[in-house]
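Novice: In our numbering, the protein residues as written are 29 to 139.
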Amino acid sequence: MKIIPFNPSLSSRQSLSVNVGEAVINFYFEWNIRDSSWYVDLDNTETEILSIKLLPDSNLLPINNKLINGNFRVLKVKSSEENIITYDNFGSVFQLVYGTNEEWSKIDGGL
């Protein structure tokens with residue numbers, strides 16, 4: 029498992045690149061004021077996935093993705109009464125995490 033660092037105090041629009049195995053995934057985060065939600069676009073040299081709303085415990089990539097052997101999820105990593113992702117708690121209470129398919133399978137109970 030790999031936590032992807034994010035600091036919302038830097039800007040409401042941010043980009044970063046993450047090495048996952050042999051792939052480099054580019055992330056473009058943006059806070060949507062009307063929806064009060066974080067959205068992300070992902071790309072690499074072969075694929076582009078646009079406008080994914082960050083939701084707790086949801087995969088960012090389709091389960092059968094050919095892009096990487098794994099997936100990204102936003103997980104609640106700190107004890108808090110907050111159950112939704114806000115501008116300020118993404119990167120602290122909720123963090124973006126990468127896991128291989130095998131790691132997610134263990135967490136999900138082998139589903």
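Glycine included, every Cβ here is placed at the ideal spot set by N, Cα and C.
How about N54 and L38: do their beta carbons lie closer than 9 Å?
Specialist: Translated into the one-based positions of the sequence shown, residue 54 becomes position 26. Translated into the one-based positions of the sequence shown, residue 38 becomes position 10. No, they are not a contact pair.
Novice: Please state whether DSSP places S65 in a helix, a strand or coil.
Specialist: Start at 1 with the first residue of the sequence shown, and residue 65 comes out as number 37. Three-state DSSP puts S65 in a strand.
Novice: Taking only runs of the beta strand (DSSP E) that begin and end inside the segment 54-136, which ones reach a length of at least 3 residues, in chain order?
Specialist: 65-71, 76-81, 99-104, 122-127
Novice: With E82 and W66 assumed to form a contact (beta carbons below 8 Å), what rounded beta-carbon distance in angstroms separates them?
Specialist: Counting from 1 along the sequence shown, the entry for residue 82 is found at position 54. Counting from 1 along the sequence shown, the entry for residue 66 is found at position 38. For the record, residue 82 in the displayed sequence is Leu; it is not Glu. Yes, they are in contact, since the Cβ atoms of L82 and W66 sit about 4 Å apart, within 8 Å.
Novice: Given D116, which residues of its chain have a CB within under 7 Å of its CB, disregarding the five upstream and five downstream residues?
Specialist: The residue you call residue 116 lines up with position 88 of the sequence shown. For D116, where only same-chain residues beyond five positions count, the Cβ hits under 7 Å are P36.
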